[in-house]
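Take a look at the structure below.
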Amino acid sequence: MLNSKQPEKIRVSTGSAAVLGLKRLKMDTPPTTCYLMTYTEEYCLGKCSFCPQGHTPTLQSTEQLSRIQWPDFNWEDFIQQLKVNQSHESDNKFRRICIQVLNYKGFYDDVRSIVKIIHMHFPTLAISAAIPPVPPIKLKELKDSGLERIGIALDACYEELFDDIKGKNIHGPYSWKKHWEALSSSLKIFGLGKATTHFIVGLGETEQDMIQSIKNVVEKDILPGIFLFTPVKGTPMENAPRPLMTHFRHIQLCRYLLLNNIDNYDRFRFSNDGRLSKIKSLTKDELTHIIQLNTAFKTAGCPDCNRPYYTSRPGEEQDGYPRDLTTQECLLIYNELDSLLDI
Numbered sequence: 024m025l026n027s028k029q030p031e032k033i034r035v036s037t038g039s040a041a042v043l044g045l046k047r048l049k050m051d052t053p054p055t056t057c058y059l060m061t062y063t064e065e066y067c068l069g070k071c072s073f074c075p076q077g078h079t080p081t082l083q084s085t086e087q088l089s090r091i092q093w094p095d096f097n098w099e100d101f102i103q104q105l106k107v108n109q110s111h112e113s114d115n116k117f118r119r120i121c122i123q124v125l126n127y128k129g130f131y132d133d134v135r136s137i138v139k140i141i142h143m144h145f146p147t148l149a150i151s152a153a154i155p156p157v158p159p160i161k162l163k164e165l166k167d168s169g170l171e172r173i174g175i176a177l178d179a180c181y182e183e184l185f186d187d188i189k190g191k192n193i194h195g196p197y198s199w200k201k202h203w204e205a206l207s208s209s210l211k212i213f214g215l216g217k218a219t220t221h222f223i224v225g226l227g228e229t230e231q232d233m234i235q236s237i238k239n240v241v242e243k244d245i246l247p248g249i250f251l252f253t254p255v256k257g258t259p260m261e262n263a264p265r266p267l268m269t270h271f272r273h274i275q276l277c278r279y280l281l282l283n284n285i286d287n288y289d290r291f292r293f294s295n296d297g298r299l300s301k302i303k304s305l306t307k308d309e310l311t312h313i314i315q316l317n318t319a320f321k322t323a324g325c326p327d328c329n330r331p332y333y334t335s336r337p338g339e340e341q342d343g344y345p346r347d348l349t350t351q352e353c354l355l356i357y358n359e360l361d362s363l364l365d366i
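Residue 90 in the numbering used here is what sits at position 67 of the sequence shown, and the numbering runs on without skipping anything.
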């Protein structure tokens with residue numbers, strides 16, 4: 024039975040809070056999705072090696088996910104400002120709500136209450152949630168409460184790496200099997216394309232590992248989002264190297280090609296060390312066309328998600344662009360990918 028008590032507080036990403044008028048912040052690209060995180064005074068039970076939530080018990084770490092800060096706000100203040108945001112047409116009107124759900128006792132009741140209240144106030148506003156695995160009956164309850172799509176993040180692209188990064192090898196609470204069971208149940212309950220997962224590029228996999236895993240989830244009609252690994256201070260992976268941007272561009276391009284036609288996998292050629300070396304029949308014209316479409320190199324996640332500066336800093340080259348590319352950025356990406364041309 025749903026706990027009818029509404030939350031007292033909610034964490035809101037700094038960019039979303041600025042759009043809502045809860046925080047003053049100068050932005051060149053506002054978020055198109057309102058990013059929320061469940062509030063708890065406990066620490067996340069997950070021990071994911073890349074994440075600050077379960078490793079550094081400080082105020083700064085509990086308000087951080089990736090490189091973004093998530094200050095907490097009074098729930099009523101948030102709802103009132105969201106009403107203002109949704110009451111008129113504007114460029115900054117949110118198109119989606121996305122809830123990042125931490126793993127703690129009672130997280131399910133919290134997220135279901137949040138979904139139900141937001142859906143009650145804004146029935147046409149799409150709501151997503153990235154959540155730890157829960158049983159099918161709870162997935163169905165979330166959908167019935169107004170959740171439009173759900174994400175179960177694998178993060179690592181194969182089982183052994185999963186165990187090393189967030190599973191049994193670091194005494195974490197997660198298992199590859201249970202994550203996949205939850206993804207399979209989500210697909211049945213929410214429908215094709217409405218179950219999502221995320222991969223973090225640069226945890227130690229090869230390009231071939233990642234591209235093969237993206238192919239596997241696309242074949243199952245699960246939408247794969249991708250992030251570029253970002254070392255965060257205070258986590259076990261704080262000193263791990265950040266991958267080269269060309270590595271991420273390879274993954275972005277292949278993800279785009281697979282989402283458009285799964286048979287494109289047969290075009291990919293890999294070196295002995297698992298690096299993408301060529302894409303069969305890829306011409307200058309095709310590569311230029313793909314880049315100019317923008318889609319492949321924008322943020323890869325749910326519809327209307329742009330995640331500005333989630334894994335990159337202002338002033339540096341963006342991994343997933345939160346907006347259309349400039350002519351200079353198109354040229355930069357072309358130069359990063361022209362080695363894959365089949366000339």
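Every residue, glycine too, gets a C-beta built ideally from N, C-alpha and C.
Fill in: Boundaries of the beta strand (DSSP E) in which Val138 is found, first to last residue
Counting along the chain, Val138 falls outside any beta strand (DSSP E), though it belongs to the alpha helix (DSSP H) covering Phe130 to His144.
Fill in: Chain-order list of residues whose beta-carbon lies under 6 Å from that of Lys217 (same chain, five-residue window excluded)
Arg172
Fill in: 6 Å CB neighbourhood of Cys121 in its chain, flanking five on each side removed
Thr56, Tyr58 and Ser151
Fill in: Exposure of Ile366, with buried meaning 16 or more beta-carbon neighbours within 10 Å
exposed
Fill in: Met60 - containing alpha helix (DSSP H), residue span
No alpha helix (DSSP H) holds Met60; the beta strand (DSSP E) holding it covers Thr56 to Met60.
Worksheet item: Does the region 172-186 come within contact of the region 143-162, defined as at least 3 CB pairs closer than 8 Å?
Response: yes
Worksheet item: Candidates Phe73, Leu184, Gln109 and Glu230: which alpha carbon is nearest Gly257's?
Response: Phe73
Worksheet item: By Cβ distance, which residues of its chain are closer than 8 Å to Glu261, with the 5 residues on each side in sequence left out?
Response: Pro254 and Val255
Worksheet item: Would the beta-carbon of Asp187 fall within 8 Å of that of His221?
Response: no
Worksheet item: Can you check whether the CB of Leu125 is closer than 8 Å to the CB of Thr63?
Response: yes
Worksheet item: In chain order, which continuous runs of the beta strand (DSSP E) of length 3 or greater are located wholly inside the region 296-345?
Response: 299-302
Fill in: Inter-residue spacing [alpha-carbon to alpha-carbon] between Gln315 and Leu280
14 Å
Discussion item. Only counting the same chain, and skipping five residues up and downstream in sequence, which positions put a Cβ closer than 8 Å to that of Leu82?
Written reply: With a pLDDT of 44 at Leu82, under the threshold of 50, the modelled position of that residue is not reliable, and no figure is offered here.
Worksheet item: Using CA coordinates, which residue listed in Ile249, Ala263, Arg118 and Pro264 is at the minimum distance from His273?
Response: Ile249
Worksheet item: To the nearest angstrom, how far is it from the Cα of Thr350 to the Cα of Pro53?
Response: 21 Å
Fill in: Classification of Met143 by the beta-carbon crowding that lies within 10 angstroms, buried from 16 upward
exposed
Discussion item. Measuring CB atoms only, is the region 324-331 touching the region 300-309, in the sense that at least three cross pairs come out at less than 8 Å?
Written reply: no
Worksheet item: Which value, in whole angstroms, describes the spacing of the CA atoms of Met24 and Val134?
Response: Here the model assigns Met24 a pLDDT of 37, short of 50, so the residue's position is not dependable and the matter cannot be decided.
Worksheet item: Roughly how many whole angstroms lie between the Cα atoms of Ile237 and Cys277?
Response: 9 Å
Worksheet entry | Boundaries (first-last residue) of the alpha helix (DSSP H) holding Pro159 | Pro159 to Ser168
Discussion item. According to DSSP, Gln123 sits in a beta bridge with which residue or residues?
Written reply: Met60 and Ala153
Worksheet entry | N- and C-terminal bounds of the alpha helix (DSSP H) containing His273 | Met268 to Asn283
Discussion item. Assuming Thr350 is part of the beta strand (DSSP E), what are its boundary residues?
Written reply: Per DSSP, Thr350 belongs to no beta strand (DSSP E); it is in the alpha helix (DSSP H), Thr350 to Leu360.
Practice prompt. From the DSSP output, in three-state form, read off Pro75 for me.
Written response: helix
Worksheet item: Going along the chain, which residues of its own chain have a beta-carbon closer than 7 Å to the beta-carbon of Asp347, five neighbours each way excluded?
Response: Asn317
Fill in: Buried versus exposed call for Cys107 [16 or more other C-beta atoms within 10 Å across all chains shown]
Going by the sequence as given, residue 107 is Val instead of Cys. It is exposed - the Cβ of Val107 has fewer than 16 other Cβ atoms within 10 Å.
Worksheet item: Of all the options Ile137, Cys180 and Lys211, which has the alpha carbon lying nearest to the alpha carbon of Ile160?
Response: Lys211
Worksheet entry | Lys106 - containing alpha helix (DSSP H), residue span | Trp98 to Gln109
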